[in-house]
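**Q**
Number of protein chains: 2
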Amino acid sequence: MPDGSSSTSTPRQRYRDQVRGEIKQAALEQICAGGAPALSLNAVAKGLGLTGPALYKYFRKRDDLLTELICDGYDAAAAAMRAAADRVADAPPRERLLALGAAFRAWAVESPHVYQLLAGTPSPGYHAPPETVDRARGVLGPLLGVLGRGDCRGAALELRAEMRFWLNDSPAVGEWVKSWAPDVDPATALAGTVTAWARMHGVVSLEVQGLYEGMGHRAGTLLKAEMEALADAMGLPA
Amino acid sequence: MPDGSSSTSTPRQRYRDQVRGEIKQAALEQICAGGAPALSLNAVAKGLGLTGPALYKYFRKRDDLLTELICDGYDAAAAAMRAAADRVADAPPRERLLALGAAFRAWAVESPHVYQLLAGTPSPGYHAPPETVDRARGVLGPLLGVLGRGDCRGAALELRAEMRFWLNDSPAVGEWVKSWAPDVDPATALAGTVTAWARMHGVVSLEVQGLYEGMGHRAGTLLKAEMEALADAMGLPA
DNA sequence: TTCTCAAGTTAGAGCTTCTAACCACAGATA
DNA sequence: TATCTGTGGTTAGAAGCTCTAACTTGAGAA
Numbered sequence: 001m002p003d004g005s006s007s008t009s010t011p012r013q014r015y016r017d018q019v020r021g022e023i024k025q026a027a028l029e030q031i032c033a034g035g036a037p038a039l040s041l042n043a044v045a046k047g048l049g050l051t052g053p054a055l056y057k058y059f060r061k062r063d064d065l066l067t068e069l070i071c072d073g074y075d076a077a078a079a080a081m082r083a084a085a086d087r088v089a090d091a092p093p094r095e096r097l098l099a100l101g102a103a104f105r106a107w108a109v110e111s112p113h114v115y116q117l118l119a120g121t122p123s124p125g126y127h128a129p130p131e132t133v134d135r136a137r138g139v140l141g142p143l144l145g146v147l148g149r150g151d152c153r154g155a156a157l158e159l160r161a162e163m164r165f166w167l168n169d170s171p172a173v174g175e176w177v178k179s180w181a182p183d184v185d186p187a188t189a190l191a192g193t194v195t196a197w198a199r200m201h202g203v204v205s206l207e208v209q210g211l212y213e214g215m216g217h218r219a220g221t222l223l224k225a226e227m228e229a230l231a232d233a234m235g236l237p238a
Numbered sequence: 001m002p003d004g005s006s007s008t009s010t011p012r013q014r015y016r017d018q019v020r021g022e023i024k025q026a027a028l029e030q031i032c033a034g035g036a037p038a039l040s041l042n043a044v045a046k047g048l049g050l051t052g053p054a055l056y057k058y059f060r061k062r063d064d065l066l067t068e069l070i071c072d073g074y075d076a077a078a079a080a081m082r083a084a085a086d087r088v089a090d091a092p093p094r095e096r097l098l099a100l101g102a103a104f105r106a107w108a109v110e111s112p113h114v115y116q117l118l119a120g121t122p123s124p125g126y127h128a129p130p131e132t133v134d135r136a137r138g139v140l141g142p143l144l145g146v147l148g149r150g151d152c153r154g155a156a157l158e159l160r161a162e163m164r165f166w167l168n169d170s171p172a173v174g175e176w177v178k179s180w181a182p183d184v185d186p187a188t189a190l191a192g193t194v195t196a197w198a199r200m201h202g203v204v205s206l207e208v209q210g211l212y213e214g215m216g217h218r219a220g221t222l223l224k225a226e227m228e229a230l231a232d233a234m235g236l237p238a
């Protein structure tokens, strides 16, 4: 019995991976059509020409499938952020922040149901598995290098103090920050990044949930104002 | 046949109202225990000593019950905001903004599942009925009078311009703003309020969804920093 | 006192997730 | 090459859900 077959995959394994991919693809389409609660394993199976229980050979529970889709979603978002960061790598920090914010929103409105899958509570009693937390950090990583170029003032100082405390407590965080932003104050980068995250999520999640319906502003305008305000407050070089 | 029986209620009507209240109460407890998707009409009925289909005499669909709970939730949030506003009615605007932000968060963390009920997508194909939009405005109302005391700068000017456009288009909005804040520039008040809303929701929704888990900051600190930053940016008198 | 009608019942359709038991064939092994 | 193992698929079915239909009962109204 060849052990894990991680590098050279057996035909069986390759077939299995392919079908898993098709299931995920079909599930994603269903979610895009009707949101996470509209995902029915039965319907997915039918769409693939299978019967319901067959899917349980590939995913033990419905939530396992959801979790995997969530991880993929995080990866996609992280890729979008990284691509945007690369695109403006040589621009001044202020501009880079605006670009990252716009990329975040662009990805979210392009697949709103997936965004709600990541940000919302998908399922009864669903508690985000630890692996999703790590993935989420990949999305925020590119922000560290940008916000680290600013500094905290006023009430943000208290936030930065808490970040310092956190950095002292768990060295892994410091490593993570350093890997994205080697030459900046980690606590400042963290405080700025968390703030940017909260602002982006605030604007975008209200938008994708349709809560701006019947209000007279564009979400893009609001997000841009929020990012510029953050750049101002942290004195990001233009 | 006495027509609507709105003032003097018949015994029948009173009984009906009472049972409806009990159903809502039991449903709310179930939601508090396991979130919106865990709400089962069957279980609620069983808890009240009834059988499942009996509830359909009181609520036509499961979503109708949810919608009513959402409306109640908005009302509760609005009441909390109004109470906080009254408590600091004589304080300077900056302090009032902080108090409103804290009240918003306090209400949300006190009943996180209800907050997710309002802010999230509760149900497959659930589209917020128009009445909930009006209710949502009640929550934001107290902010108008506070943010209206500031002014917009930088990128917020663009947001304010869109608000002016909106005010021109639909006079009802102007009336609404005037009812909460008679003596301020409505466009500024709207721009500031929407910004405050997005920031509060950003911080609080990440918190109640547990996304801060394993991060080294307190949500209260972040929210305070966000509100102070907004006060700074809009030049709110301290 | 009679009548009406709302509240609650049981039965059941149609959906869901998920388990159990079984079959058949592809791929690995002797 | 012949045999065996185990994976991928099936059907059957349990337990749950929402929601409809049809029936019964008893309280309020006439």
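Taken in order, these protein sequences are the chains called A and B.
Mapping to the UniProt record's numbering: the first sequence position 20 is 20, numbers consecutive.
Mapping to the UniProt record's numbering: the second sequence position 186 is 186, numbers consecutive.
We put the CB at the ideal spot given by N, CA and C, even for glycine.
Let's test the definition: count the other Cβ atoms within 10 Å of the Cβ of F104/B and tell me whether it reaches 16, buried, or not, exposed.
**A** Taking the first residue of the second sequence as position 1, residue 104/B is located at position 104. That one is buried.
**Q** Are any of the Cβ atoms in chain B nearer than 8 Å to that of R218/A?
**A** Here residue 218/A corresponds to residue number 218 of the first sequence, with the count starting at 1. At least one chain B Cβ lies under 8 Å of R218/A.
**Q** Is DSSP giving R20/B helix, strand or coil here?
**A** Locating residue 20/B in the second sequence gives position 20, where the first residue counts as 1. Looking at R20/B - three-state DSSP - the assignment turns out to be helix.
**Q** Counting only beta-carbon separations shorter than 8 Å, does F165/B have a partner in chain A?
**A** Taking the second sequence and counting its residues from 1, the one referred to as residue 165/B is at position 165. Yes, because at least one Cβ of chain A sits closer than 8 Å to the Cβ of F165/B.
**Q** Between G148/B and V184/B, is the Cβ-Cβ spacing less than 8 Å?
**A** For the purposes of this step, residue 148/B is taken as residue 148 along the second sequence, with counting starting at 1. For the purposes of this step, residue 184/B is taken as residue 184 along the second sequence, with counting starting at 1. Result yes, Cβ atoms of G148/B and V184/B sit closer than 8 Å.
**Q** Distance check for P92/A and E68/B, CA to CA, integer angstroms please.
**A** If you number the second sequence from 1, residue 68/B lands on position 68. If you number the first sequence from 1, residue 92/A lands on position 92. If I take the Cα positions, the gap works out to 50 Å.
**Q** Closer than 7 Å by C-beta to V208/B: which residues in its own chain qualify, once you throw out the five before and the five after it? Chain order, please.
**A** On the second sequence, residue 208/B is found 208 positions in, with the first residue counted as 1. Closer than 7 Å at Cβ, skipping near neighbours: A108, V109, P112, Y115 and Q116.
**Q** If distances are taken between C-alpha atoms only, which option among E175/B, V204/B and C152/B comes closest to D232/B?
**A** Your numbering for residue 232/B matches position 232 in the second sequence. D232/B has its Cα closest to that of C152/B, out of E175/B, V204/B and C152/B.
**Q** Would you tell me roughly how many angstroms separate the C-alpha atoms of L222/B and V203/B, rounded to the nearest one?
**A** Along the second sequence, one-based indexing puts residue 222/B at 222. Along the second sequence, one-based indexing puts residue 203/B at 203. Answer to the nearest angstrom: the Cα atoms are 7 Å apart.
**Q** Report the three-state DSSP secondary structure of E207/B (helix, strand or coil).
**A** Working through the second sequence from its first residue, we reach residue 207/B at position 207. Here E207/B sits in helix by DSSP.
**Q** Measure from the C-beta of P37/B to each C-beta in chain A and report whether the shortest distance is under 8 Å.
**A** Taking the first residue of the second sequence as position 1, residue 37/B is located at position 37. Yes, its Cβ sits closer than 8 Å to a Cβ of chain A.
**Q** Are the segment 29–45 of chain B and the segment 171–191 of chain A touching by the rule of at least three beta carbon pairs closer than 8 Å?
**A** No contact exists between the segment 29–45 of chain B and the segment 171–191 of chain A.
**Q** Thinking C-beta only, is G49/A closer than 8 Å to L41/A?
**A** Working through the first sequence from its first residue, we reach residue 41/A at position 41. Working through the first sequence from its first residue, we reach residue 49/A at position 49. Not a contact, by the Cβ cut-off of 8 Å.
**Q** So which residues of chain A does A198/B contact, with C-beta pairs closer than 8 Å?
**A** Working through the second sequence from its first residue, we reach residue 198/B at position 198. The contacting residues are R199, G202, V203, L206, L222 and E226.
**Q** Within the 8 Å Cβ cut-off, does T193/B reach chain A?
**A** Mapped onto the second sequence, residue 193/B falls at position 193. By this cut-off, T193/B is not an interface position.
**Q** In chain B, what lies closer than 9 Å to G145/A by C-beta?
**A** The residue you call residue 145/A lines up with position 145 of the first sequence. Correct list: empty, because the minimum Cβ distance to chain B is about 18 Å.
**Q** Taking CB distances under 8 Å as the criterion, tell me whether L159/B reaches chain A.
**A** Here residue 159/B refers to the residue found at position 159 of the second sequence. It does: the Cβ of L159/B has a partner Cβ on chain A nearer than 8 Å.
**Q** Looking only at C-alpha atoms, which of A77/B, N168/B, F59/B and M163/B sits nearest to V19/B?
**A** Taking the first residue of the second sequence as position 1, residue 19/B is located at position 19. V19/B has its Cα closest to that of F59/B, out of A77/B, N168/B, F59/B and M163/B.
**Q** Taking a contact to mean a Cβ-Cβ separation below 8 Å, would you say A83/A touches K224/B in this structure?
**A** Here residue 83/A corresponds to residue number 83 of the first sequence, with the count starting at 1. Here residue 224/B corresponds to residue number 224 of the second sequence, with the count starting at 1. Taking 8 Å as the Cβ cut-off, A83/A and K224/B do not qualify as a contacting pair.
**Q** Quick check on E162/B - is its C-beta less than 8 Å from some C-beta in chain A?
**A** Numbered from 1 along the second sequence, position 162 holds the residue referred to as residue 162/B. For E162/B, the answer is yes, since a Cβ of chain A falls inside 8 Å of its Cβ.
**Q** Work out the CA separation of W176/A and A80/A for me, nearest whole Å.
**A** What you label residue 80/A is simply residue 80 of the first sequence in a count that begins at 1. What you label residue 176/A is simply residue 176 of the first sequence in a count that begins at 1. When rounded, the distance between both Cα atoms is 19 Å.
**Q** For E169/A, go through chain B and note every residue whose CB falls closer than 8 Å to its CB, in chain order.
**A** Taking the first residue of the first sequence as 1, we reach residue 169/A at position 169. Reading the sequence as shown, one finds Asp at residue 169/A and not Glu. Those are G216, listed as they occur along chain B.
**Q** Can you tell me which of L55/B, A238/B, Q25/B and K46/B puts its alpha carbon nearest to the alpha carbon of G150/B?
**A** Within the second sequence, the letter at position 150 stands for residue 150/B. The candidate whose alpha carbon is nearest that of G150/B is A238/B.
**Q** Hey, could you find the ends of the alpha helix (DSSP H) G217/B is sitting in?
**A** The residue you call residue 217/B lines up with position 217 of the second sequence. Looking at the sequence itself, residue 217/B is His, so the reference to Gly does not match. Per DSSP, H217/B belongs to no alpha helix (DSSP H) and is neither H nor E.
**Q** So, under 8 Å CB-CB, E162/A and G220/B are touching, yes? Tell me the CB distance rounded to an integer number of Å.
**A** Your numbering for residue 162/A matches position 162 in the first sequence. Your numbering for residue 220/B matches position 220 in the second sequence. Actually they do not touch by this definition, with Cβ atoms about 10 Å apart.
**Q** Go through its chain and collect everything with a Cβ distance to residue 241/A's Cβ below 7 Å, but skip five positions before and after it.
**A** This structure cannot settle anything about residue 241/A, because the visible part of chain A is limited to 1 through 238.
**Q** List the residues of chain A that E110/B touches, going by C-beta distances under 9 Å, in chain order.
**A** Position 110 of the second sequence holds residue 110/B. Near E110/B there are no residues of chain A at all, since even the closest Cβ is about 17 Å away, more than 9 Å.
**Q** How about Y56/B: is its C-beta nearer than 8 Å to some C-beta of chain A?
**A** Here residue 56/B refers to the residue found at position 56 when the second sequence is read from its first residue. No, because no Cβ of chain A sits closer than 8 Å to the Cβ of Y56/B.
**Q** In whole angstroms, what separates the C-alpha of P186/A from that of K46/B?
**A** The residue given as residue 186/A occupies position 186 in the first sequence. The residue given as residue 46/B occupies position 46 in the second sequence. Approximately 54 Å between the Cα atoms of the pair.
**Q** Which of the three DSSP states, helix, strand or coil, is assigned to V44/B?
**A** Along the second sequence, read from residue 1 onward, the residue named residue 44/B stands at position 44. Here V44/B sits in helix by DSSP.
**Q** Going along chain A in order, which residues have a C-beta closer than 8 Å to the C-beta of G120/B?
**A** The sequence position of residue 120/B within the second sequence is 120, counting from 1. What G120/B touches in chain A: Q116, G120, T121 and Q209.
**Q** Output, in chain order, the set of chain A residues within a Cβ distance shorter than 8 Å of G154/B.
**A** Residue numbering aside, residue 154/B sits at position 154 when the second sequence is read from its first letter. Going along chain A in sequence order, the residues near G154/B (Cβ under 8 Å) are A225, E228, A229 and D232.
**Q** Please state whether DSSP places V184/B in a helix, a strand or coil.
**A** Position 184 of the second sequence, counted from the first residue, corresponds to residue 184/B. Coil at V184/B, not helix or strand.
**Q** So the candidates are H201/B, Y212/B, L236/B and T10/B; which of them puts its Cα closest to the Cα of G120/B?
**A** Counted from its first residue, the second sequence places residue 120/B at position 120. Of the candidates H201/B, Y212/B, L236/B and T10/B, the one whose C-alpha sits nearest the C-alpha of G120/B is H201/B.
**Q** Fully enclosed by the segment 75–149 of chain A, which alpha helix (DSSP H) runs are 4 residues long or longer?
**A** Listed in chain order, the complete alpha helix (DSSP H) runs (minimum 4 residues) inside the segment 75–149 of chain A are 93–110, 112–119 and 130–147.
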